[in-house]
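Inspection log for the structure reproduced underneath, given as C-alpha cells.
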Amino acid sequence: MAVQLHPLHQRRDLTDECVEVINSEWPRSKAMRLHSLEKSCTGLPYSLVMTETQEGKERVIGYCRLAKVLAQKKSVLIETVVIQKERRGQGLGRKLIELAEDHARNQGYDAIYLFTTDKEKFYERLGYDYCKPVNTLGAQMLENCAVEMKTNTPIALQEDSCSGECNSSAIPMENDDVITGNENMNNTSQDGVSSIESQSTPPLSLVQSPPPPPPPPPPHLLLLRCAVPEQRLYIG
-14 MAVQLHPLHQ RRDLTDECVE VINSEWPRSK AMRLHSLEKS CTGLPYSLVM
36 TETQEGKERV IGYCRLAKVL AQKKSVLIET VVIQKERRGQ GLGRKLIELA
86 EDHARNQGYD AIYLFTTDKE KFYERLGYDY CKPVNTLGAQ MLENCAVEMK
136 TNTPIALQED SCSGECNSSA IPMENDDVIT GNENMNNTSQ DGVSSIESQS
186 TPPLSLVQSP PPPPPPPPPH LLLLRCAVPE QRLYIG
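In terms of the working numbering, the sequence shown has 22 at position 37, counting the first letter as 1, and numbering is strictly consecutive.
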C-alpha cells in the first residue's frame, strides 16, 4: 500500500473524489463544492489530497487545506481535515497530519496551527500545544484561543504566489466545512495593497478603506500550534 499527499492544483483529476470525501462529512451540492475546490492553486490557501494506491489503482482517502496566518510568514493553518469514513480508525488521520507537516516544512514553514473542539488529546500526541490567538487569510473559518506556544529553529521562507491558472488568491469560506466557527473574508491582495493603490496614486475618494477586524470566535474553540522540526517531537 502506497500513501501519498498531492497539492490538488497539481492533480485536478482527483477533484471529483475529493468532493465525495468532503461531502461525506459536510454535505453540500457538488456544483458548489467543485466551485470551491477548483480555486485551489499554488498560493495559499490551497488543498492537499491524500491518496492510496493498491493493485495499481489510486483513490482519495483523505483531505485537508492550508491557509495563511497573518503577521506570521512562516506559519500556516491546517483545516478541513477529513478521512474517508470507511478508512477511519486505521491511523490515517495521523498519517495525513504528518504528510501535511512535511509538505509545510518543504515549503519553508516552521509552524502549523489548527483548531479542534474535541480532539485535543489526539493532536497533543502529535506534538501540538495550545497557543496564542492568530488571524488567518483565506481560511474557511477563523479561530482564536489563549495559550502557550512552542519554538523551533527557523526555516527559510519560500513563499509561492498564486499562478496564472488561479482565479482568486483566496477560496470563499464554507461554513459547512467546519464543526463550528466564525467566517471572515479579507479581500486585500497578497502584498497587502489594494489593486487601485498598486497602479497609481488615485484621488483620496478612490482609495479602498481597510476591512474591519473580524469578529471574535466562540470561546470553546481550541487553537493548537506545532513546530515543524527536522525530526518529529511527540508529547503526552
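Every residue gets a Cβ at the ideal spot worked out from N, C-alpha and C, and that includes glycine.
Cα-Cα separation between residue i and residue j, rounded to whole angstroms
i	j	result
residue 48	residue 61	16 Å
residue 22	residue 0	7 Å
residue -4	residue 13	22 Å
residue 39	residue 56	42 Å
residue 66	residue 37	16 Å
residue 71	residue 77	11 Å
residue 58	residue 18	29 Å
residue 7	residue 197	31 Å
residue -12	residue 119	32 Å
residue 53	residue 96	11 Å
residue 27	residue 86	17 Å
residue 15	residue 81	24 Å
residue 75	residue 41	21 Å
residue -2	residue 210	32 Å
Those residues which DSSP pairs with residue i across a bridge
i	result
residue 38	-13, 43
residue 65	DSSP lists no partner for residue 65.
residue 210	98, 114
residue 3	Answer is none; residue 3 lacks a bridge partner.
residue 27	Partner(s): none; residue 27 has no beta bridge.
residue 9	DSSP output for residue 9 lists no bridge partner at all.
residue 48	34, 67
Cβ shell of residue i (< 6 Å), same chain only, five flanking positions each side left out
i	result
residue 205	Unreliable positioning characterises residue 205 in this predicted model, as indicated by a pLDDT of 44, which lies under 50. A coordinate reading is not provided.
residue 25	-7, -6, 31, 32
Closest by C-alpha distance to residue i, when choosing among the options
i	options	result
residue 114	56, 6, 99	99
residue 20	34, 11, 4	4
residue 73	10, 43, 18	10
residue 121	102, 35, 85, 64	64
residue 232	103, 75, 43	Residue 232 lies beyond the residue range present for the chain, which begins at -14 and ends at 221; the question has no answer from this structure.
residue 79	107, 45, 101	107
residue 105	116, 17, 95	116
residue 68	54, 50, 58	50
residue 45	210, 29, -8	-8
residue 29	41, -6, -12, 95	-6
Own chain partners of residue i with C-beta closer than 7 Å, once the 5 adjacent residues on each side are dropped
i	result
residue 88	-10, 33
residue 2	44, 45
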